[in-house]
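Residue numbers (the working numbering): 6 to 377. For each residue, glycine too, the CB sits at the ideal point set by N, CA and C. Structure first, then comments.
Right, here's the structure in full:
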């Protein structure tokens with residue numbers, strides 16, 4: 006392939022991938038072009054692939070992939086100054102592209118940007134028909150918008166660890182920042198995917214006295230992985246009553262923080278009302294496809310003085326903290342089982358993530374577009 010060309014996987018509709026070539030864009034004073042070293046997958050990739058969550062308002066065609074570690078190949082002078090990086094640096098790029106002008110952006114809440122007047126403005130959500138086309142990480146190269154949040158990443162960190170910056174950043178935001186986790190708190194994490202495991206890890210790293218990880222039967226091996234990285238107890242909700250078991254494990258006290266990452270299932274939210282301790286916080290991360298919550302009794306929250314917090318994206322402070330935590334080398338990231346796919350097998354990567362291909366040993370899925 007000529008060096009001035011980019012190979013990309015373009016999703017034209019759910020479950021439909023076409024491989025296309027694009028020209029490498031010319032970079033003037035702002036923006037950058039990165040050679041994609043690795044692109045991590047999360048639940049959103051599976052939802053884009055299956056078309057399952059209508060609230061995402063996906064505008065096909067798109068180049069999927071929004072968790073990118075890459076090497077700067079071209080960069081404008083103004084962006085060099087803004088980001089403090091230069092050609093040849095290894096960087097990670099936050100998935101959100103903030104406007105940097107709205108009230109939320111001006112107060113540092115880039116993940117809550119309202120300036121674009123869109124449901125989501127970020128990588129893998131912009132149509133590949135929009136110039137310069139390269140708006141996702143399932144490609145040999147990705148364009149980096151001038152407004153992006155970009156940070157250096159130590160080159161000595163294995164790509165399989167570096168790519169966890171997004172999942173770990175989310176865990177820091179959802180488990181530590183939003184609920185104001187305190188040393189000695191009891192924490193319940195619901196769902197044992199990669200982000201559930203990262204929340205488990207963060208809860209223990211930040212001083213939780215008791216960390217409980219709940220998941221379904223098909224995630225049994227992933228829950229066992231949770232025991233290796235910070236969980237004190239696991240609950241198989243396919244076989245056990247979560248409410249009864251958590252009350253048993255906590256001596257009837259309940260937990261101070263609940264992080265619900267389960268997709269689609271609404272019962273965990275009503276269960277959380279019975280398990281949250283007084284002055285506790287329930288953080289909702291998993292999308293429910295606009296479903297109503299049965300048996301939601303708000304009086305339970307009032308009488309406990311507890312909070313429900315919607316978690317959207319990753320804060321910039323959590324983004325920075327995650328990078329520092331990864332670079333410290335003090336987290337047990339080597340225990341995370343990573344499966345790597347070449348770009349040409351991205352459909353298999355997404356199908357594995359969506360559990361259409363069973364591989365219950367895998368915790369993290371990564372595409373390396375320049376693997377060959």
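Those residues which DSSP pairs with residue i across a bridge
i, result
"residue 147", "39"
"residue 155", "98"
"residue 176", "BP columns for residue 176 are empty, so no partner."
"residue 44", "73 and 372"
"residue 10", "28"
"residue 215", "191"
"residue 15", "23"
"residue 127", "101"
"residue 132", "67"
Residues of its chain near residue i, where Cβ-Cβ distance is below 7 Å and the 5 sequence neighbours each way are ignored
i, result
"residue 354", "46, 346, 370 and 372"
"residue 205", "194, 216, 218, 231, 234, 235 and 236"
"residue 162", "331 and 332"
"residue 159", "332"
"residue 177", "207, 323, 326 and 327"
"residue 300", "275"
Spatial neighbours of residue i in its chain, beta-carbon cut-off 8 Å, leaving aside the 5 residues before and after
i, result
"residue 107", "118, 119 and 120"
"residue 317", "116 and 117"
"residue 296", "269 and 271"
"residue 83", "34, 35 and 151"
"residue 17", "23, 65 and 66"
Under the three-state DSSP convention, the category residue i falls into
i, result
"residue 55", "helix"
"residue 193", "strand"
"residue 5", "Lying before the first or after the last residue shown, residue 5 is absent from the chain, which here runs from 6 to 377."
"residue 23", "strand"
"residue 358", "helix"
"residue 207", "helix"
"residue 113", "coil"
"residue 185", "coil"
"residue 141", "coil"
"residue 351", "helix"
6 Å CB neighbourhood of residue i in its chain, flanking five on each side removed
i, result
"residue 100", "71, 127 and 128"
"residue 173", "203 and 327"
"residue 228", "197, 218, 220 and 239"
"residue 213", "190 and 192"
"residue 201", "194 and 266"
"residue 313", "287"
C-beta neighbour in chain B for residue i, strict 9 Å
i, result
"residue 374", "Within the model displayed, chain B is absent; a lone protein chain is all it includes."
- Message: Report the start-end ranges of each beta strand (DSSP E) in the segment 70-98 that is 3 residues or longer and not cut off at the edges.
- Response: 72-80 and 95-98
- Message: For the structure I just gave you, are there three or more beta carbon pairs, one from the segment 219-226 and one from the segment 238-253, closer than 8 Å?
- Response: yes
- Quick one: complete beta strand (DSSP E) runs, 3+ long, within the segment 236-320? 238-241, 260-265, 281-289 and 312-315
- Message: Report the start-end ranges of each beta strand (DSSP E) in the segment 320-346 that is 3 residues or longer and not cut off at the edges.
- Response: none
- Message: Taking 8 Å as the cut-off, does the segment 69-85 touch the segment 177-197 (at least 3 CB pairs, one atom from each stretch)?
- Response: no
- Query: Are three or more beta carbon pairs between the segment 108-116 and the segment 325-334 nearer than 8 Å?
  - Reply: no
- Message: Under 8 Å, with one C-beta from each stretch per pair, do the segment 260-272 and the segment 286-301 reach the 3-pair mark?
- Response: yes
- Message: Check whether the segment 162-172 and the segment 186-193 are in contact - that is, three or more C-beta pairs closer than 8 Å.
- Response: no
- Task: Check whether the segment 141-151 touches the segment 12-28, counting contact only when three or more Cβ pairs, one atom from each stretch, lie closer than 8 Å.
- Result: yes
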